[in-house]
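Numbering (this note's numbering), first residue to last: 573 to 664. A virtual CB, placed ideally from N, CA and C, is assigned to each residue, including glycine.
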């Protein structure tokens, strides 16, 4: 796979996982499209490390990626002063 194809695949999977993570947590999220992609890519990286450690590169990857992205989104909300249902204050 070429580098350009890999980057396009990483962005597309990051968008999918980030969007599913935003849907998993109730309440509005003031995230832009690049922030959603970054959320999904970060969740994919964390989930990839977890799957590699626990299941030796075989396991429920997409489910863990959405769960990791949801956890990251929850911590972003907490850092903004929000909670599970309230996204908190948007940064200025």
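Using 8 Å as the threshold, is the stretch 619-632 in touch with the stretch 597-609, meaning 3 or more CB pairs across them?
No: the two stretches stay apart, fewer than three of their Cβ pairs being nearer than 8 Å.
Any idea what DSSP makes of residue 604, helix, strand or coil?
For the purposes of this step, residue 604 is taken as residue 32 along the chain shown, with counting starting at 1. Three-state result, residue 604: coil.
Go through its chain and collect everything with a Cβ distance to residue 583's Cβ below 8 Å, but skip five positions before and after it.
For the purposes of this step, residue 583 is taken as residue 11 along the chain shown, with counting starting at 1. For residue 583, where only same-chain residues beyond five positions count, the Cβ hits under 8 Å are 609, 613.
My output table needs one value for residue 597: the three-state DSSP class, helix, strand or coil.
The residue labelled residue 597 in the question sits at position 25 within the chain shown. DSSP places residue 597 in coil when its eight states are reduced to three.
Nearest-angstrom Cα distance between residue 579 and residue 650?
The count along the chain shown starts at 1 and reaches residue 579 at position 7. The count along the chain shown starts at 1 and reaches residue 650 at position 78. In a straight line, the C-alpha of residue 579 is about 30 Å away from that of residue 650.
Hey, could you find the ends of the alpha helix (DSSP H) residue 630 is sitting in?
As a position in the chain shown, residue 630 is number 58, starting the count at 1. Note, residue 630: premise wrong, no alpha helix (DSSP H); not H, not E.
According to DSSP, is residue 614 part of a helix, a strand, or is it coil?
Start at 1 with the first residue of the chain shown, and residue 614 comes out as number 42. It is helical.
Measure the C-alpha to C-alpha separation of residue 617 and residue 574 and round it to an integer number of angstroms.
Mapped onto the chain shown, residue 617 falls at position 45. Mapped onto the chain shown, residue 574 falls at position 2. Their Cα atoms are separated by approximately 19 Å.
Taking the straight line between their C-alpha atoms, what separation do you get for residue 588 and residue 640?
Residue numbering aside, residue 588 sits at position 16 when the chain shown is read from its first letter. Residue numbering aside, residue 640 sits at position 68 when the chain shown is read from its first letter. Straight-line Cα distance between these residues: approximately 13 Å.
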